[in-house]
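Numbering of the sequence shown is given in this note's numbering, commencing with residue 4 and proceeding in unit increments.
Ideal placement from N, C-alpha and C gives every residue a C-beta, glycine not left out.
As the structure is a prediction and not an experimental result, all values here were calculated from the model.
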Amino acid sequence: MTLPYCDDVFYAVGLNGLMSKEASQRFYELIGFDSHAVLKYCCYVCDLRRDLVKERLKRYLLIDCGIRLSRTFKPDLRENDFEITRYYLEMLFDTWFTINEMYEMLNDEGFNIELNNF
Numbered sequence: 004m005t006l007p008y009c010d011d012v013f014y015a016v017g018l019n020g021l022m023s024k025e026a027s028q029r030f031y032e033l034i035g036f037d038s039h040a041v042l043k044y045c046c047y048v049c050d051l052r053r054d055l056v057k058e059r060l061k062r063y064l065l066i067d068c069g070i071r072l073s074r075t076f077k078p079d080l081r082e083n084d085f086e087i088t089r090y091y092l093e094m095l096f097d098t099w100f101t102i103n104e105m106y107e108m109l110n111d112e113g114f115n116i117e118l119n120n121f
């Protein structure tokens, strides 16, 4: 699902090629299924190298998660958004991120997230 602020976040992290409605919808369709396909798609649409796309997608997902967490007040929805973002990042980087690592990455992006927020 595309959110009203996603184009602004795509622009802020340098993924301008995903700012059209069709491109962002395709991005959200792919990200849940195949991390390699979403990376190839983003590389093609944004005309960037794979390693650069991975880092920019990481920033996008963290900022998106931080915005969702700051706008959602129900603990179960906040936890779902957090876990979905964690899953996407794990698929992209083929690495298991601990909860503390996720909190640290969110805090590095400027979101004040604490362990007891859920």
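{"Item": "Report the residue from 86, 30, 20 whose alpha carbon sits nearest the alpha carbon of residue 101.", "Value": "86"}
{"Item": "How many angstroms separate the CA atom of residue 4 from the CA atom of residue 21?", "Value": "Residue placement at residue 4 cannot be trusted, given a pLDDT of 48 that sits under 50; what the coordinates show is reported in the next sentence. Each residue's Cα considered, the two are about 14 angstroms apart."}
{"Item": "Does the pairing of the segment 58-77 with the segment 91-98 give three or more beta-carbon distances under 8 angstroms?", "Value": "yes"}
{"Item": "By the three-class DSSP mapping on this structure, what secondary structure does residue 50 have?", "Value": "coil"}
{"Item": "Residues in the same chain with beta-carbon distance under 7 angstroms from residue 84, minus the five sequence neighbours each way, listed in chain order, please.", "Value": "68, 71, 72, 75"}
{"Item": "Provide the residue span of the alpha helix (DSSP H) that contains residue 105, from first to last.", "Value": "102-111"}
{"Item": "Taking Cβ positions, are residue 26 and residue 48 nearer each other than 8 angstroms?", "Value": "yes"}
{"Item": "Look up residue 69 in the DSSP assignment and say whether it is helix, strand or coil.", "Value": "helix"}
{"Item": "With a 10 Å radius around its C-beta and 16 neighbouring C-beta atoms as the bar for buried, classify residue 60 as buried or exposed.", "Value": "buried"}
{"Item": "Could you spell out where the alpha helix (DSSP H) holding residue 34 opens and where it closes?", "Value": "24-34"}
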